[in-house]
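A short write-up of the structure that comes next.
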Amino acid sequence: MDMRIDAARVESILELARGTDGKRLDSILDRAEALKGLSPEDTAALLATDSPRHIERMFRIAGRIKEAIYGERVVMFAPLYVSDHCVNKCEYCGYSCGNKFTRRRLTMEEIRAEAEILERMGHKRLALEAGEDPVNCPIEYILEAIGAIYGMKVGSGEIRRVNVNIAATTEENYRKLHETGIGTYILFQETYHEPTYTRLHQSGPKKDFNYHLTAFDRAMRSGIDDVGGGVLFGLYDWRFEVLALMLHNRHLDETFGAGFHTISMPRLCQAQGMDMSSYRVLSDGDFKRVVSAVRIAVPYTGMIISTRESPAMRKELIKLGVSQISGGSSVEVGGYASRENGGEQFEVAYSRPALDVIRWLMDEDLVPSFCTACYRRGRTGDRFMSLAKSGNIKNVCLPNALMTLCEYMMDYGDDSFRTQADALIHKNLAKIENAVMRELTRENIEKIKRGGRDLFV
Ligand code: SF4
């Protein structure tokens, strides 16, 4: 049976959780330390508490889980917006068909040019993004765009993984997407609260709550192994959204053997034509609770934030469990080329954001990673989840992070960057627990320094 949200059940779990006493919270948190995840009921109890002691403990446990499963690596990606044509009227989105502006869809040549710029920033992993418009942006266009990106080579680099964030579609279209070799299929539910969803989506195919909600069922039936969910925090009550996300994750796990590969954590921000005063903007403190509760509830799911979060907030959220961030992002169609063509001032600005994020991560003693290994080794869906749940994912994540950082420093770093990155690589090599893997990584790093590329485990 496809995904359904029983709002009354979600409300009743949240209601019951309101009375959770300190002793039960302690026992839930004791269990959380075992890295086995939590039931929706236990997650609801963590979301309900206002006890500063328990919230602090949640933060500490979320940080320890992040450390134990992912170590210091933070995976980098960049969004690539190819079309802002959209037939939906979504109140919170700048692409809404209610907003009047000149819309565009990139030609294949322009897509290659954007991907080339991103490759020259060092990116290997893109998230292809497009509005929904069956006439101006049909599935054939998206398939051709993915092919154009995968077919591109810049010097010794190329884009190695294209994740796709397009509107809910048919099984047939998902099958076609799967056949092009996409990484993760990403779709935000926006809100799991149906009355809110219906109010915010006034017209267009996206208005159909159940069609949107069951998109991952169709995608996974069509062969797509890795799906990435998310909600736009601020549209409705955050406790309801987190719990519904967890129920969705459980449904996918029970039905297809793998829950969400990633969960994106966007916070609502101002878009064209939108009145922010009518939304429930999430405070920094509540957002930290959301991130840590998700990290504890689904320890093996990648968690993504955008660089729209301030550096101070990013730092805190990474400590609480975020494992992927975008770097140097543009959220405009053709945004990378227009930055580059904007004259010298812009040229500096365009190259800076990705490098800034990478340097910032290294300054924080974190390891920026351009890894795409799991997908290319066939570690997707339930195969990925079983490796993650065995606790062994760290044994491949850190080596791959170090090898891709070495590649980045050789291809894109100046002398000072290489000095800093090389020191970080050597410090972290010593942290690879498995001796055989440590030695293999050391050898591969030497090979990369001598010109080898695209080495991974
Ligand atoms: S090894 Fe797999 S899980 Fe780890 S960063 Fe690479 S692709 Fe992701």
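This note's numbering numbers the first residue of the sequence shown as 137 and each following residue consecutively. All C-beta atoms in this analysis are idealised placements derived from N, C-alpha and C, irrespective of residue type, glycine included.
Whole-angstrom Cβ separation of residue i and residue j, contact assumed at under 8 Å?
i	j	result
Thr327	Leu379	With 8 Å as the limit, Thr327 and Leu379 do not qualify as a contact, their Cβ atoms being about 13 Å apart.
Glu208	Val427	Their Cβ separation, rounded to whole angstroms, is 18 Å, which puts Glu208 and Val427 out of contact at 8 Å.
Leu497	Val300	Between Val300 and Leu497 the Cβ distance is about 25 Å, and since that is not below 8 Å, they are no contact.
Val298	Ile278	The Cβ separation is near 10 Å, so there is no contact.
Phe369	Leu418	5 Å
Ile432	Val458	Between Val458 and Ile432 the Cβ distance is about 13 Å, and since that is not below 8 Å, they are no contact.
Ala181	Arg160	7 Å
Val363	Leu388	7 Å
Gly464	Ala490	3 Å
Arg512	Pro176	34 Å between Cβ atoms; not a contact.
When the Cα atoms are used, what is the spatial distance from residue i to residue j?
i	j	result
Tyr231	Ile247	19 Å
Trp374	Arg154	15 Å
Gly317	Pro435	26 Å
Ala557	Leu336	46 Å
Leu523	Thr516	10 Å
Cys226	Ala509	36 Å
Tyr472	Asp361	30 Å
Ser474	Ala571	47 Å
Arg425	Ile568	31 Å
Arg444	Met546	28 Å
Asp157	Glu307	46 Å
Arg578	Met539	9 Å
Glu252	Phe396	30 Å
Asp142	Asp501	43 Å
Glu483	Leu254	Low local confidence applies: a pLDDT of 36 at Glu483 is under 50, so the model's placement there is unreliable, and no value is given.
Thr555	Cys542	11 Å
Arg589	Phe553	19 Å
Gly438	Ala249	29 Å
Thr238	Tyr333	27 Å
Lys455	Val271	44 Å
Cys233	Met139	28 Å
Glu147	Ala355	28 Å
Gly527	Leu183	26 Å
Asp422	Ile191	10 Å
Met596	Gly359	In the structure displayed, the chain extends from 137 to 593; residue 596 sits before or after that span and is not available.
Leu404	Glu575	45 Å
Asp492	Lys585	23 Å
Leu150	Asp550	52 Å
Lys172	Ile205	11 Å
Tyr347	Asp162	39 Å
Leu242	Met410	26 Å
Taking all protein chains shown into account, do 16 or more other C-beta atoms lie within 10 angstroms of the C-beta of residue i, making it buried, or fewer, making it exposed?
i	result
Thr185	buried
Asp166	exposed
Pro274	exposed
Arg189	exposed
Phe506	buried
Asp178	buried
Met137	exposed
Asn580	buried
Val469	buried
Asp499	exposed
Asp269	buried
Glu265	buried
Phe352	buried
Lys530	buried
Asn309	buried
Ser462	buried
Lys289	exposed
Lys236	exposed
Val218	buried
Ala284	buried
Lys202	buried
Val467	exposed
Gly365	buried
Thr305	buried
Glu276	exposed
Glu582	exposed
When the cut-off is 8 Å and only beta carbons count, does residue i lie next to chain C?
i	result
Ile584	Considering every chain present, this structure includes no chain C. It has just one protein chain.
For the segment 289-300 and the segment 255-263, state whether three or more C-beta atom pairs, one from each stretch, are separated by less than 8 Å. yes
Evaluate the contact criterion for the segment 557-574 versus the segment 534-545: three or more CB pairs, one atom per stretch, below 8 Å. yes
For the pair the segment 157-175 and the segment 195-213, tell me if three or more CB-CB distances fall below 8 Å. yes
Three or more C-beta pairs under 8 Å: does that hold for the segment 409-418 against the segment 381-393? no
Tell me, please, whether the segment 336-346 touches the segment 211-224 by the rule of three or more beta-carbon pairs shorter than 8 Å. yes
Does the structure place the segment 396-403 close enough to the segment 307-326 that three or more beta carbon pairs sit under 8 Å? yes
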